[in-house]
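Colleague: The following block contains the structure, expressed as structure tokens.
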């Protein structure tokens, strides 16, 4: 196999019928591009692995990664990114709803505008069910308004990025849908391109309204990373100082009330509130300070930097 220009990462979960069609379509529509097709089986119980092995016999561009169990789409994506050897990395689903013919268009857009990631936009979606469209619209609105990274279709299963961006993304849980926001933390220049969306031919969708709840939970984590990953004291410090100052003010006021007017503090619930605020303030500030020290220790111990370089003179 020639050296790959593009590594195409496709997580698979019970997509036995789609595998041969996917491999054949890649070969047909990307005939002029050197690519490797990394198929990551995420613990399928059907014949997905056997279908990939059979496809690999006739196409040496196919690479199989078989996970020991079902770790989830994000983990499967990470495994593919780690294995990728191409200059550019494409992520797409294996359900045949996205068209490989759009990959050259995404690559052209990335090069033309000197971008680091191009996110697909399913402008004309073919999902008929409310259980797919409604959660997608809710999730996109939440992510756009919270992260300030403006994309029409965060969940689009067609993304192209430079290899260094893909390999520096650290994603967990359901964070595969936050790739543009997480890439922006890395300093990536982002773009968007309309892609073809097709109806699913085989298998069943693994998405539903229940995933929206998990999106909200992961969104909170992404927002923390986006704003405070290398400066956690700026989150916990002010909150701790406000609580501490409020508690001290309340207790000082009660003390003056006792000394001047002889008030009975035993019957004043504000005394407990003031003491609670003081303790809470000290704890919050201490947590922020501890996390700040851990963040600095992490960067120093691993040699990682809290910045990324696009290019530099040799």
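Numbering (the UniProt record's numbering), first residue to last: 1 to 314.
Positions of the beta carbon are idealized from the N, C-alpha and C atoms, including for glycine.
1) Hey, residue 81 and residue 149 are a contact pair by Cβ (cut 8 angstroms); roughly how many whole angstroms apart?
2) Among residues of its own chain, excluding the 5 on either side of residue 44, which ones have a beta-carbon nearer than 6 angstroms to its beta-carbon?
3) Taking Cβ positions, are residue 254 and residue 266 nearer each other than 9 angstroms?
4) Only counting runs of 3 or more residues, tell me where the beta strand (DSSP E) segments fall wholly within the stretch 70-128, in order along the chain.
5) At what residues does the beta strand (DSSP E) containing residue 161 begin and finish?
6) So, at 7 angstroms on beta carbons, what are the nonlocal neighbours of residue 158 in its own chain, with the 5 sequence-adjacent residues on each side left out?
7) In whole angstroms, what is the alpha-carbon distance linking residue 179 and residue 274?
8) So for residue 28, helix, strand or coil by DSSP?
9) Leaving out the 5 sequence neighbours to the left and right, which residues in its chain are closer than 6 angstroms to residue 190 when beta-carbon positions are compared?
10) I need the straight-line Cα distance from residue 63 to residue 78, nearest angstrom please.
11) Would you call the CB atoms of residue 39 and residue 86 closer than 9 angstroms?
12) Can you name, in chain order, every residue of its own chain whose Cβ lies under 6 angstroms from the Cβ of residue 41, other than the five neighbours on each side?
13) Spatial neighbours of residue 292 within its chain, please: C-beta separation below 8 angstroms, excluding the five flanking residues on both sides.
14) Identify which residue in 19, 217, 26 has its Cα closest to the Cα of residue 46.
15) In the structure shown, what three-state DSSP assignment does residue 238 receive?
16) Measuring alpha carbon to alpha carbon, tell me which residue in 55, 6, 32, 3 is nearest residue 21.
17) In whole angstroms, what is the alpha-carbon distance linking residue 35 and residue 90?
18) Measuring straight from C-alpha to C-alpha, what distance separates residue 249 and residue 170?
19) What does residue 7 pair with, by DSSP beta-bridge criteria?
20) Quick check on residue 67: does DSSP put it in helix, strand or coil?
21) Give the C-beta separation of residue 240 and residue 285 to the nearest angstrom, bearing in mind that I take them to be a contact with Cβ-Cβ under 8 angstroms.
22) Between which residues of its own chain and residue 16 is the CB-CB distance below 6 angstroms, once the five residues before and five after are set aside?
23) Please confirm whether residue 137 has its beta-carbon closer than 9 angstroms to some beta-carbon of chain D.
24) Any heavy atom of the ligand COA within a distance shorter than 8 angstroms of the CB on residue 234?
25) When you compare each of 108, 122, 107 to residue 199 by their alpha carbons, which one comes out closest?
Modeller: Checking against the coordinates, here is how it stands:
1) For the purposes of this step, residue 81 is identified with residue 81 of the chain shown, where counting begins at 1. For the purposes of this step, residue 149 is identified with residue 149 of the chain shown, where counting begins at 1. Not confirmed; about 20 angstroms, so no contact.
2) Translated into the one-based positions of the chain shown, residue 44 becomes position 44. Result list for residue 44: 13, 14, in chain order.
3) Here residue 254 refers to the residue found at position 254 of the chain shown. Here residue 266 refers to the residue found at position 266 of the chain shown. Not in contact: residue 254 and residue 266 (Cβ atoms no closer than 9 angstroms).
4) 88-92, 117-121
5) Within the chain shown, residue 161 is the residue found at index 161, counting from 1. Its beta strand (DSSP E) spans residues 158-162.
6) Residue numbering aside, residue 158 sits at position 158 when the chain shown is read from its first letter. Around residue 158: 92, 98, 102, 120, 195.
7) What you label residue 179 is simply residue 179 of the chain shown in a count that begins at 1. What you label residue 274 is simply residue 274 of the chain shown in a count that begins at 1. Distance between the alpha carbons of residue 179 and residue 274 is about 43 angstroms.
8) Here residue 28 corresponds to residue number 28 of the chain shown, with the count starting at 1. Note: residue 28 maps to helix in three-state DSSP.
9) Along the chain shown, read from residue 1 onward, the residue named residue 190 stands at position 190. Excluding residues within five positions, the ones whose Cβ falls inside 6 angstroms are 117, 180.
10) Walking along the chain shown from the start, residue 63 turns up at place 63. Walking along the chain shown from the start, residue 78 turns up at place 78. In a straight line, the C-alpha of residue 63 is about 15 angstroms away from that of residue 78.
11) Working through the chain shown from its first residue, we reach residue 39 at position 39. Working through the chain shown from its first residue, we reach residue 86 at position 86. Not a contact, by the Cβ cut-off of 9 angstroms.
12) On the chain shown, residue 41 is found 41 positions in, with the first residue counted as 1. Only 12, 48, 49, 66 meet the Cβ criterion.
13) Position 292 of the chain shown, counting from 1, holds the residue named residue 292. 231, 232, 233, listed in sequence order.
14) Locating residue 46 in the chain shown gives position 46, counting from the first residue. With distances taken between Cα atoms, residue 46 lies closest to 19.
15) Against the chain shown, residue 238 aligns to sequence position 238. Helix.
16) Walking along the chain shown from the start, residue 21 turns up at place 21. The shortest Cα separation from residue 21 among 55, 6, 32, 3 belongs to 55.
17) Counting from 1 along the chain shown, the entry for residue 35 is found at position 35. Counting from 1 along the chain shown, the entry for residue 90 is found at position 90. So the two alpha carbons sit approximately 10 angstroms from each other.
18) In the chain shown, the residue the question calls residue 249 occupies position 249. In the chain shown, the residue the question calls residue 170 occupies position 170. So the two alpha carbons sit approximately 43 angstroms from each other.
19) If you number the chain shown from 1, residue 7 lands on position 7. 36, 89, per the DSSP bridge assignment.
20) Numbered from its first residue, the chain shown carries residue 67 at position 67. The answer is coil: DSSP assigns residue 67 none of H, G, I, E or B.
21) Translated into the one-based positions of the chain shown, residue 240 becomes position 240. Translated into the one-based positions of the chain shown, residue 285 becomes position 285. With a Cβ gap of about 3 angstroms, residue 240 and residue 285 count as contacting.
22) Along the chain shown, read from residue 1 onward, the residue named residue 16 stands at position 16. Excluding positions up to five away in sequence, the list reads 46, 47, 48, 51.
23) This model lacks chain D altogether; it includes just one protein chain.
24) Among the components modelled here there is no ligand, and therefore nothing to report on the ligand COA.
25) Start at 1 with the first residue of the chain shown, and residue 199 comes out as number 199. Cα-wise, what sits closest to residue 199 is 122.
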